[in-house]
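S.K.:
Protein chains: 2
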Amino acid sequence: MAIYVQKFGGSSVADAECMQRVAQRVYDTAQEGHSVVVVLSAMGKTTDNLINLSKQVNPQPDAREMDMLLSTGEQISVAILAMALHAMGAEAVSMTGPQAGIATDSSHTKAKIMSINPERIMANLEKGRIVIVCGFQGLAPSADIATLGRGGSDTTAVALAAALKADRCQIFTDVDGVYTADPRIVKQARKLDSIAYDEMLELASLGAKVLQSRSVEFAKKYGVELEVLTSFDRTPGTIVKEEVEDMEHIVVRGVAADKNQAKVTIQRVPDRPGVAATLFKELAAANVNVDMIVQNVSEQGHTDMTFTVPRDEINRTRSAVDGLLEAVGAAGAIYDVDIAKISIVGVGMRSHSGIAYQMFEALSEHKINVEMISTSEIKISVVIRSAYADEAMQVLHQAFELDKNSKPAS
Amino acid sequence: MAIYVQKFGGSSVADAECMQRVAQRVYDTAQEGHSVVVVLSAMGKTTDNLINLSKQVNPQPDAREMDMLLSTGEQISVAILAMALHAMGAEAVSMTGPQAGIATDSSHTKAKIMSINPERIMANLEKGRIVIVCGFQGLAPSADIATLGRGGSDTTAVALAAALKADRCQIFTDVDGVYTADPRIVKQARKLDSIAYDEMLELASLGAKVLQSRSVEFAKKYGVELEVLTSFDRTPGTIVKEEVEDMEHIVVRGVAADKNQAKVTIQRVPDRPGVAATLFKELAAANVNVDMIVQNVSEQGHTDMTFTVPRDEINRTRSAVDGLLEAVGAAGAIYDVDIAKISIVGVGMRSHSGIAYQMFEALSEHKINVEMISTSEIKISVVIRSAYADEAMQVLHQAFELDKNSKPAS
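Those protein sequence lines, which keep their order, are chains A and B. Mapping of the first sequence onto the numbering used here: position 338 corresponds to residue 338, and the numbering continues sequentially without gaps. To get the numbering used here, take the position in the second sequence, counting from 1, and add 1000.
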């Protein structure tokens, strides 16, 4: 008997009606003869409403208490799904993260799963019950409830799949799989049958909000094959798995855009050791997540330094940077929020050259100026004007013929 | 250093603003140098909303899952109050029922507290923290969350006060104390300084919704002095305590009306042993809470049997009774929902006679007909037409001069 872990989040669990659709899906899987462990996120706007409530009494709520508060969202979900399954005649039991044996570290609101004791889940599966577990939470060493941070339910599902040696880990989302590009922007975008963990990681961190990066890292580490699919119909989704040789024939797997970036240029920084260290130490202290960093060629002992940050961290960045300009002897700083980062991703890049050239040429043919470039083994990212973001995606999607199924690399 | 247990429920915790008022009250108590343990109910309509949500997926939800669902309401409250106290600079920590060491039996949705291990609470009090505990819940032997049933937060407060040997147990409610009668109905109603446990028990079970009966029983059993007061201002409330000699001078402590009753008369029941047993066994099986029972004088081998039930159980009662009429050989049944039960209560009745006479005479003078009578050592209840309920309360309040402070019995 195969063990299936099925995770439902987002609009799949928006309201009671959605919960009944989820119950039907889970019930059908159980009826096919599988043992089913379900992981749920909070329903609809529950988490946002709780956060708003907390802000009314304390602008900076304590992390432990935030976990006490937010963990109720998933607890409501699991109880409701258990009730919906009971109404269909199924045997089902809900569990909080702590009850499910999920132990975390003590970093409240951003805890990491340390271990899972699956005894209670297994005992219930053996009794023929569907087990429904709160995503996003576990028990900290202090016996307090800790949450994994928003979106952590994917990680719960993957960790449970690993601990239970599950045969399948299905992540039900608002979309029916992983696409070569955002289909709302690129009409020719095509759903992928499969994608490598590393490709998914690059896409996840690049703004394709299908799976949380941490859950993909976890899946890779423990060799858990994921399926990303929708709860709204029964079409197969996209399998996220270990890279196989066949995958290398596809040079570019997908295109992604991140429109939530801002660019900061520090002008005429003295070209001497330690300046970059001072700057980025200060930004780290201000809790700013710096992404791309480019230092232009220096002239006459000075250099311009450019980096990108998430757009909603631009104010924190500005306070940190403005206070440093004099100390590091810079001439000034330019803050630019009208940018977008466009990336192409594919494990095939490792063994193919000339991809960067193809990318820049395609953009150039459409008069799209590249302002920054950053590359890794399996991706190339460029920063352009945000107004051209959608066009750039379409151009690159076409240039790399992503609409064509499994086209071998040239 | 005295330990104070303070319980806030109902409109005291309706929203974030109320929570801030509660936080101020708790903070002030701590500032006076006391150790404070706070017990909270769910905020505003949280519990009702959760029940509605459950009904959308299952008309008869499983009790264990219902507890999983409803226990989130208090969990939200305790986290929010902790945050509000933090915002005032106080040290505070929230705990679920299980975290606070509250162990219950396994009767989900109506569990009883079996024991309390106050170690974790005490350790936190010793560190100078305000401890905020979820009312209404505890840990069942199965390691599942169990709730004490609605209104059970009072019981949590009393049980904690007993376990912690607290110096004071304050129950903050929508009203500022226990009155001689409902002040919305009887204008001359007067707030009592103190009342005996037994009197409070009779009043609680008679529809004066100030304190839950179970919490008063608990307080009596463990000798916990309660104070009933309001969170909206700083006036002293009413102390509920062991009966003292002085109390006996007051014959009638208060008047209460229960307008949620219905009367059932079974006509011409054969006057032979076992009929009543059959009838009330069936009603118990149908989960009907029978209150007053009166059997009229029998004539010619038949008798009329009359009893009262909560009005919202009248349909269940009807199904049970109609199916039995033939079996017990009764002529028929009359169901009457237009009644009210009016009671006078006072420990002084034990040592004073003639009270029933005074009560009936006062009602009779106002042409209010008494349909049923039931008495205990410290109370007399009558059933009258519901239309006369308010008038009857006023009449009795005046007849026993309840508006006059501490008037000795004549």
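By construction, the Cβ of each residue, glycine as well, lies at the ideal position given by its N, Cα and C atoms. None of these values were measured; they are calculated from a predicted model.
Name the DSSP beta bridge partners of proline 341(A), please?
M.R.: Going by the sequence as given, residue 341(A) is lysine instead of proline. According to DSSP, which records beta bridges pairwise, lysine 341(A) is partnered with Asp258(A), Val383(A).
S.K.: Which term fits glycine 1033(B), buried or exposed, when burial requires 16 or more other beta carbons within 10 angstroms of its beta carbon?
M.R.: That one is exposed.
S.K.: Cβ atoms of alanine 189(A) and valine 5(A): under 8 Å apart, would you say?
M.R.: no
S.K.: Using the beta-carbon count (16 or more within 10 Å), is arginine 1350(B) buried or exposed?
M.R.: exposed
S.K.: How many Å lie between methionine 66(A) and glycine 323(A) at the Cα?
M.R.: 32 Å
S.K.: Is the Cβ-Cβ distance between methionine 1393(B) and valine 1255(B) less than 8 Å?
M.R.: Taking the C-beta atoms as reference points, valine 1255(B) is found nearer than 8 Å to methionine 1393(B).
S.K.: Can at least three beta-carbon pairs, one atom from the region 1166 to 1186 of chain B and one from the region 1106 to 1123 of chain B, be found at a separation below 8 Å?
M.R.: no
S.K.: Select from Ala1103(B), Ile1121(B), Asn1117(B), Thr1317(B) the residue whose C-alpha is nearest the C-alpha of isoleucine 1334(B).
M.R.: Thr1317(B)
S.K.: Count the other C-beta atoms from every protein chain shown that fall within 10 angstroms of the C-beta of glutamate 1245(B), then say buried if there are 16 or more, exposed otherwise.
M.R.: exposed
S.K.: By Cβ distance, which residues of its chain are closer than 6 Å to glycine 1009(B), with the 5 residues on each side in sequence left out?
M.R.: Ser1041, Ser1153
S.K.: Quick one: what does DSSP say glutamine 1099(B) is sitting in, helix, strand or coil?
M.R.: Glutamine 1099(B) falls in the coil class under three-state DSSP.
S.K.: So if I threshold CB-CB distances at 8 Å, which residues from the region 1042 to 1058 of chain B count as touching chain A?
M.R.: Leu1050, Leu1053, Ser1054, Gln1056, Val1057, Asn1058
S.K.: With 16 as the cutoff for other CB atoms within 10 Å, does valine 337(A) come out buried or exposed?
M.R.: exposed
S.K.: Could you spell out where the beta strand (DSSP E) holding phenylalanine 280(A) opens and where it closes?
M.R.: First-last for phenylalanine 280(A): 275 to 285, but that is the alpha helix (DSSP H), not the beta strand (DSSP E).
S.K.: Can you pull the chain B residues whose beta carbon is under 8 Å from the beta carbon of aspartate 62(A), in chain order?
M.R.: Ala1082, Met1083, His1086
S.K.: With DSSP collapsed to three states, give me the class of leucine 229(A).
M.R.: strand
S.K.: Just the chain A side, please: which residues come within less than 8 Å of valine 1078(B) by C-beta, in chain order?
M.R.: The answer, in chain order, is Met68.
S.K.: Can you tell me whether DSSP reads alanine 1115(B) as helix, strand or coil?
M.R.: Strictly speaking, residue 1115(B) in this sequence is serine, with alanine absent from that position. Serine 1115(B) falls in the strand class under three-state DSSP.
S.K.: Starting from valine 36(A), follow the beta strand (DSSP E) in both directions and report where the run begins and ends.
M.R.: 35 to 40
S.K.: What is the rounded straight-line gap between the Cα of glycine 301(A) and the Cα of alanine 285(A)?
M.R.: 28 Å
S.K.: Determine the contact status of alanine 1340(B) and alanine 1389(B), defining contact as a CB-CB distance below 8 Å.
M.R.: Result yes, Cβ atoms of alanine 1340(B) and alanine 1389(B) sit closer than 8 Å.
S.K.: Checking 8 Å against the spacing of the C-beta atoms, do serine 1353(B) and methionine 1292(B) come in under that value?
M.R.: no
S.K.: Chain B beta carbons: is any one of them nearer than 8 Å to that of serine 11(A)?
M.R.: no
S.K.: In the region 95 to 126 of chain A, which residues sit with their C-beta less than 7 Å from some C-beta in chain B, listed in chain order?
M.R.: Within the region 95 to 126 of chain A, the residues whose Cβ lies closer than 7 Å to some Cβ of chain B are Gln99, listed in chain order.
S.K.: Rounded to whole angstroms, what is the Cα-Cα separation between glycine 1237(B) and alanine 100(A)?
M.R.: 45 Å
S.K.: Say whether chain A places a C-beta atom closer than 8 Å to the C-beta of alanine 1143(B).
M.R.: yes
S.K.: For glutamine 1358(B), go through chain A and note every residue whose CB falls closer than 7 Å to its CB, in chain order.
M.R.: Going along chain A, no residue has its Cβ under 7 Å from glutamine 1358(B), so there is no contact; the nearest lies around 53 Å.
S.K.: With a CB to CB cut of under 6 Å and the five nearest residues on each side skipped, what residues in its chain are close to serine 343(A)?
M.R.: Leu206, Ala256, Lys379, Ser381
S.K.: On a CA-only basis, which of Ile1145(B), Thr1265(B), Ala1092(B), Gln1020(B) is nearest aspartate 1105(B)? Give me that one, please.
M.R.: Ile1145(B)
S.K.: Work out the CA separation of isoleucine 1121(B) and glutamine 1020(B) for me, nearest whole Å.
M.R.: Taking the straight line joining both Cα atoms gives about 23 Å.
S.K.: Mind reading off the beta-carbon distance from arginine 1168(B) to glutamate 1243(B)? Whole number of angstroms is fine, and I expect it under 8 Å.
M.R.: Wrong, their Cβ atoms sit about 19 Å apart, outside the cutoff.
S.K.: Cβ atoms of valine 328(A) and valine 264(A): under 8 Å apart, would you say?
M.R.: no
S.K.: Compare the beta carbon distance of valine 1026(B) and valine 1013(B) with 8 Å and say whether it is the shorter of the two.
M.R.: no
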